[in-house]
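Just below is one structure, and these are the notes that go with it.
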């Protein structure tokens, strides 16, 4: 007969399937209410199994067949099928996401396209970025090379180069040029027309080792080894003398000169250099007591310097009168030997003679 559980062919007299152990009801006809029910006790021997009759090949298959492989065997690893999911940093590409700078436009497209959000930013790849080009520019015999993009034209490069050159020259002049100001010929603010030595009508006088030419419209005199010049309305006075010294040394010691004058009771409002009629002057605006005096020094050559002092009736610093003094100095001439007659000593007996005459008069009146 056949086991109803595993369909194994077994002996007709077997009550248990030797293959799966299923309990068989072989004689269903003998089991009835009249038959005695066999009770199984603990002392009963277990039923004998028909081992010799068991079909050990039931359910077995050919091991050589691929279909007979046990489903419980662990699957073989296919190393080729396993993909390396590790992200390589060197192959990663970063994309810059444009920022939204304006709200979404109200007019949404009806063709299914993406609506425009504010101002769009174009993302360029390496291939799309502008390539650098080398531009050569020749200025003053020198060739300058610039790396420029496609959108930078040659005229723009030329303008940048010119501006750079101008700025460089300007900065260099500020840092390395001599510290002086250049002035043009000043206009006279006085009502009297200014007269210059070049006009041709001049008086000649000698003071020390220098000979001066003074226009005839001005009054001149000598005092304290210097030359005095006035105008005919008595509105200004110029004092000029020469003394041993170096103008170059003085122009480089402005701060020292200021402090020295201050310690000796002279206030300095300003000290600077000016160029008047192609000649450099060290100008000092001083105050002595209540009088404002314009003082100037200039090179007189032969280890001499000119000293100029100007005062006027308005008690201010009169640069128009300084132009007159500069014209006289410019036309002065150096003499190696001083005049002997000018250097002769003076024995002033005037006071004694006047006193004697007064005493004589008093005696005669008595």
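In my numbering, the protein residues as written are 1299 to 1664.
Yeah, the Cβ is synthetic: ideal placement off N, Cα and C, and Gly gets one too.
Assuming residue 1519 is part of the beta strand (DSSP E), what are its boundary residues?
1517-1521
Buried or exposed, going by whether 16 or more other CB atoms sit within 10 Å of the CB of residue 1658?
exposed
Starting from residue 1599, trace the alpha helix (DSSP H) in both directions and tell me its first and last residue.
Per DSSP, residue 1599 belongs to no alpha helix (DSSP H); it is in the beta strand (DSSP E), 1589-1599.
Roughly how far, in whole angstroms, is the beta-carbon of residue 1536 from the beta-carbon of residue 1622, given that I think they are within contact range, below 8 Å?
7 Å
Take residue 1610 as the anchor and find which of 1452, 1593, 1629, 1555 has the nearest alpha-carbon.
1593
Would the region 1494-1502 and the region 1578-1597 be scored as touching if the rule is three or more Cβ pairs under 8 Å?
no
Quick test of the definition: if touching needs 3 or more C-beta pairs under 8 Å, does the region 1543-1552 touch the region 1624-1639?
no
Residue 1628 bridges to which residues according to DSSP?
For residue 1628, which the question treats as bridged, DSSP gives no partner whatsoever.
Among the candidates 1618, 1303, 1613, whose CA atom is the shortest distance from the CA of residue 1575?
1618
Tell me whether the beta-carbon of residue 1541 lies closer than 8 Å to the beta-carbon of residue 1603.
yes
Note down the Cα distance separating residue 1641 from residue 1598, rounded to an integer number of angstroms.
21 Å
According to DSSP, is residue 1514 part of a helix, a strand, or is it coil?
coil
Which listed residue (1308, 1546, 1586) has its alpha carbon closest to that of residue 1561
1586
Which residue comes first and which comes last in the beta strand (DSSP E) that contains residue 1541?
1534-1542
So, with DSSP's three-state summary, where would you put residue 1487?
Caution is warranted here: a pLDDT of 44 is assigned to residue 1487, below 50, making its placement in the model unreliable, and the coordinate value is therefore given only provisionally. In the structure shown, residue 1487 sits in coil (DSSP, three-state: anything other than H, G, I, E or B).
Reference residue 1523, options 1646, 1606, 1469, 1322, closest by Cα:
1606
Report the residue from 1645, 1596, 1452 whose alpha carbon sits nearest the alpha carbon of residue 1546.
1596
Do you know how far the Cα of residue 1525 is from the Cα of residue 1653?
32 Å
Residue 1661 versus residue 1649: straight-line alpha-carbon distance, rounded:
19 Å
C-alpha distance - residue 1301 paired with residue 1309, whole-angstrom precision
10 Å
Measuring alpha carbon to alpha carbon, tell me which residue in 1303, 1518, 1506, 1570 is nearest residue 1631.
1506
Exposure of residue 1468, with buried meaning 16 or more beta-carbon neighbours within 10 Å:
exposed
Enumerate in chain order the residues of its own chain whose CB-to-CB distance from residue 1515 is below 6 Å, with the five nearest sequence positions on each side excluded.
1493
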